[in-house]
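My numbering applies: residue 21 is where the sequence shown begins, and numbers increase by one.
Idealized CB from N, CA, C, for every residue including glycine.
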Amino acid sequence: MRLAKYGKQLRENYKAFKNKQESVSAKELSAHNESLRSRVAMDFTGNEGRIVEDPKEARDIAISEGVTWKRRLRGNGLGQTRRSGSSAITGTTNSVLHHGQPWFYKSMPREHAATLIGTHGTQDGVFLVRESRSNPGSFVLTLKCATKVIHVPIHPINDPVRDIICYSLDNGVTKFYDLLQLVEFYQLNTGALPTRLSAYLERSRDTNTIKLAGGGGPPDIAGAAASSSSAGGGGGGAATSHSEPGLRCDSIF
């Protein structure tokens with residue numbers, strides 16, 4: 021009986037309560053947006069905050085605070101972290117990838133490399149890669165061609181588009197992500213070199229002797245490159261050798 025008597029009134033009260041809630045929410049939202057639009061510049065350098073009414077003074081304060089924050093970031097060593105994390109990781113990985121390659125010699129002098137290539141190089145294109153002592157951070161490709169030993173510098177260069185360090189032996193005409201890609205390319209293509217890389221000198225870890233290895237490398241690498249090309253592999257554009265137009269390598273850009 022009581023529900024039948026007051027049911028209509030209870031329903032009206034409930035509707036009024038819901039309408040009031042929606043109205044309050046809309047007002048709160050409007051008030052919040054209004055507060056965002058009506059913010060003012062404040063100066064807290066003194067004992068208490070004050071409103072900065074002069075636009076020029078407010079702009080000067082904002083600039084000074086920005087400079088202060090930049091100095092703090094540099095002091096904490098955080099300035100470099102603003103760069104892309106993937107670029108930093110890629111650069112670190114590419115810079116040490118060649119250390120495990122049998123053709124790489126970390127600290128071999130120029131004279132020693134020339135002696136080894138001259139002694140064990142029984143064919144054109146025998147090579148090794150070593151660190152440059154005269155130009156730290158660079159590398160040298162030492163190879164044999166026409167009974168002569170040639171030293172070709174490999175310089176690290178910055179690629180501004182990808183913001184990474186690349187390697188090149190022709191002043192940036194052909195760039196590679198790492199030395200492994202560079203060697204694989206010149207095993208297939210003459211490019212800027214007088215001859216294609218054919219085999220490398222490998223040091224035996226057990227007997228500490230030097231032997232000629234990798235003589236059958238180019239055909240295998242060519243097959244892998246062709247397979248990668250047909251499958252759509254390779255992150256960069258392909259380059260073609262000027263002297264051997266049939267050879268391609270999809271690992272460069």
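Reduced DSSP secondary structure (H/G/I, E/B, other) of residue i
i, result
"Lys195", "coil"
"Arg150", "strand"
"Lys231", "strand"
"Leu222", "First, the residue type needs correcting, since residue 222 is Glu and not Leu in the sequence shown. If DSSP states are grouped into helix, strand and coil, Glu222 belongs with the strands."
"Lys168", "strand"
"Leu202", "helix"
"Arg31", "helix"
"Leu208", "helix"
"Asp190", "coil"
Nearest-angstrom Cα separation, counted from residue j out to residue i
i, j, result
"Gly145", "Pro180", "33 Å"
"Asp183", "Ile71", "43 Å"
"Ile185", "Tyr125", "21 Å"
"His52", "Lys28", "Only weak support exists for where His52 lies, its pLDDT of 46 falling under 50; the value from the coordinates is given anyway. Distance between the alpha carbons of His52 and Lys28: 37 Å."
"Tyr187", "Leu148", "16 Å"
"Leu267", "Ala212", "Any reading at Leu267 must be qualified, since the residue scores a pLDDT of 35, below 50, and its modelled position is unreliable; the value itself is stated next. Those two C-alpha atoms are separated by around 14 Å."
"Val160", "Val193", "17 Å"
"Pro173", "Leu202", "12 Å"
"Leu200", "Ile81", "52 Å"
"Arg223", "Tyr206", "21 Å"
"Ile230", "Leu221", "6 Å"
"Ser127", "Asn155", "13 Å"
Burial state of residue i (16 or more Cβ within 10 Å)
i, result
"Glu204", "buried"
"Tyr34", "exposed"
"Arg153", "exposed"
"Asp198", "buried"
"Ser218", "buried"
"Lys195", "buried"
"Leu163", "buried"
"Leu30", "exposed"
"Asn191", "exposed"
Beta carbon of residue i nearer than 8 Å to that of residue j
i, j, result
"Thr139", "Leu232", "no"
"Pro176", "Ser158", "yes"
How do the region 163-172 and the region 124-143 stand: do at least 3 beta-carbon pairs fall below 8 Å, yes or no? Result yes; three or more Cβ-Cβ pairs closer than 8 Å.
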